[in-house]
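Written out below as structure tokens is the structure these notes cover.
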Amino acid sequence: MARKMEKLLPSERLVQNRYFEGLRVPERKTRHSVIVAAIGLVGSGKSTVAKYLADLIGAVVISGDEIRILLRNEGVGYDKARLIGENVLRAVITAGGSIVLDSDFVDKNKRESLRQIAKKAGAKLYFVRTICDFDVLSQRIRENDPGEFFNEAETKSASVNHGRDVKFREMLRRLPQHYKWQNISGGKLALRKFPFVTFETVDTTTDAWKDSINSIAVSILHELQKKSG
1 MARKMEKLLP SERLVQNRYF EGLRVPERKT RHSVIVAAIG LVGSGKSTVA KYLADLIGAV
61 VISGDEIRIL LRNEGVGYDK ARLIGENVLR AVITAGGSIV LDSDFVDKNK RESLRQIAKK
121 AGAKLYFVRT ICDFDVLSQR IRENDPGEFF NEAETKSASV NHGRDVKFRE MLRRLPQHYK
181 WQNISGGKLA LRKFPFVTFE TVDTTTDAWK DSINSIAVSI LHELQKKSG
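What follows is the structure in structure tokens.
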């Protein structure tokens with residue numbers, strides 16, 4: 001379902017323009033623009049996968065977290081982060097580029113909005129799911145740098161890094177969208193089966209995920225290879 005027309009505040013428009021102007025849109029390697037949208041839980045490796053794949057197919061990464069950081073720096077809320085991302089997406093396509101979206105598109109409305117944008121622009125849309133062994137995913141959040149967006153967070157915990165706490169909490173909030181509990185052998189978390197088609201699923205538990213991304217890039221480039229001459 002398409003959303004009603006939304007308008008940006010001057011400060012939000014400033015963020016939108018600043019974000020787009022800061023992007024370097026490489027020459028795409030395909031006949032038509034490509035949009036690759038990630039679907040994955042916090043900590044599943046979406047950002048790492050997005051950057052790696054973008055380099056392979058000649059695309060630019062649009063990061064939801066980076067947009068939210070700019071909004072926070074302007075002292076405004078995150079309500080229009082998605083709209084800004086979609087507007088920047090349109091601008092990149094108009095500029096002749098391809099895009100990898102570093103955000104979670106598990107939400108039905110977000111996916112439908114993206115489909116409409118791709119259809120109108122004549123772009124090819126792919127959804128790529130990122131997954132990871134849950135214990136490894138949890139360890140990443142507990143031990144790794146949570147990233148600039150979460151690093152500014154404050155909590156009541158005695159943790160030396162509140163950003164990790166908030167990132168872990170965000171993972172728990174979104175967990176039911178990606179996993180379900182199964183009462184088997186003492187209980188375990190199992191991946192949900194989505195009622196929609198994804199192009200590929202990438203398991204980032206080990207470094208073998210790079211082979212999966214290389215294969216995805218080859219498939220995309222082969223399917224949409226530029227015509228010569």
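So the sequence shown is numbered by UniProt numbering: it starts at 1 and just counts up by one. We put the beta carbon where it would ideally sit given N, CA and C, even for glycine. Values in this document were obtained by computation on a predicted structure and should not be read as measured data.
Residue burial classification, Glu223 (beta-carbon count within 10 angstroms, cutoff 16)
Position 223 of the sequence shown, counted from the first residue, corresponds to residue 223. Classification of Glu223: exposed, given that the 10 Å Cβ count is below 16.
Output the distance between the C-alpha atoms of Ser63 and Asn144, rounded to the nearest integer angstrom.
On the sequence shown, residue 63 is found 63 positions in, with the first residue counted as 1. On the sequence shown, residue 144 is found 144 positions in, with the first residue counted as 1. In a straight line, the C-alpha of Ser63 is about 19 Å away from that of Asn144.
Beta-carbon separation (whole angstroms), Ile15 vs Leu71, contact threshold 8 Å:
Position 15 of the sequence shown, counted from the first residue, corresponds to residue 15. Position 71 of the sequence shown, counted from the first residue, corresponds to residue 71. Rather than Ile, the amino acid found at residue 15 in this sequence is Val. Yes, Val15 and Leu71 are in contact; Cβ-Cβ is about 5 Å, under 8 Å.
Exposure of Ala95, with buried meaning 16 or more beta-carbon neighbours within 10 Å:
Here residue 95 corresponds to residue number 95 of the sequence shown, with the count starting at 1. Flag for Ala95 reads exposed.
Smallest Cα separation from Arg111: which of Ile57, Thr155, Gly58, Val197?
Residue mapping note: residue 111 aligns to position 111 of the sequence shown, counting from 1. Here the closest residue by C-alpha is Val197.
Assess, as a yes-or-no matter, whether the stretch 110-129 is touched by the stretch 20-38 under the definition of 3 or more beta carbon pairs within less than 8 Å.
yes
Note down the Cα distance separating Ser159 from Glu152, rounded to an integer number of angstroms.
Stepping through the sequence shown from its first residue, residue 159 is reached at position 159. Stepping through the sequence shown from its first residue, residue 152 is reached at position 152. One C-alpha to the other measures close to 14 Å.
Among residues of its own chain, excluding the 5 on either side of Met1, which ones have a beta-carbon nearer than 7 Å to its beta-carbon?
Position 1 of the sequence shown, counted from the first residue, corresponds to residue 1. Unreliable positioning characterises Met1 in this predicted model, as indicated by a pLDDT of 32, which lies under 50. A coordinate reading is not provided.
Figure out for me which residue from Ile117, Ile99, Arg169 has the closest Cα to the Cα of Ala50.
Locating residue 50 in the sequence shown gives position 50, counting from the first residue. Ala50 has its Cα closest to that of Ile99, out of Ile117, Ile99, Arg169.
Excluding the 5 residues preceding and the 5 following Val88 in the sequence, name in chain order all residues of the same chain whose CB lies nearer than 7 Å to its CB.
Looking up residue 88 in the sequence shown gives position 88. The answer, listed in chain order, is Gln16, Tyr19, Phe20, Ile62.
When DSSP labels each residue in this structure, what does Lys108 get in the three-state scheme?
Reading the sequence shown from its first residue, position 108 is the one you call residue 108. Helix, per DSSP.
Segment limits, alpha helix (DSSP H) that includes Leu191:
Position 191 of the sequence shown, counting from 1, holds the residue named residue 191. That residue, Leu191, is in no alpha helix (DSSP H); its beta strand (DSSP E) goes 188-191.
Identify whether Tyr19 lies in helix, strand or coil by the three-state DSSP scheme.
The count along the sequence shown starts at 1 and reaches residue 19 at position 19. It is helical.
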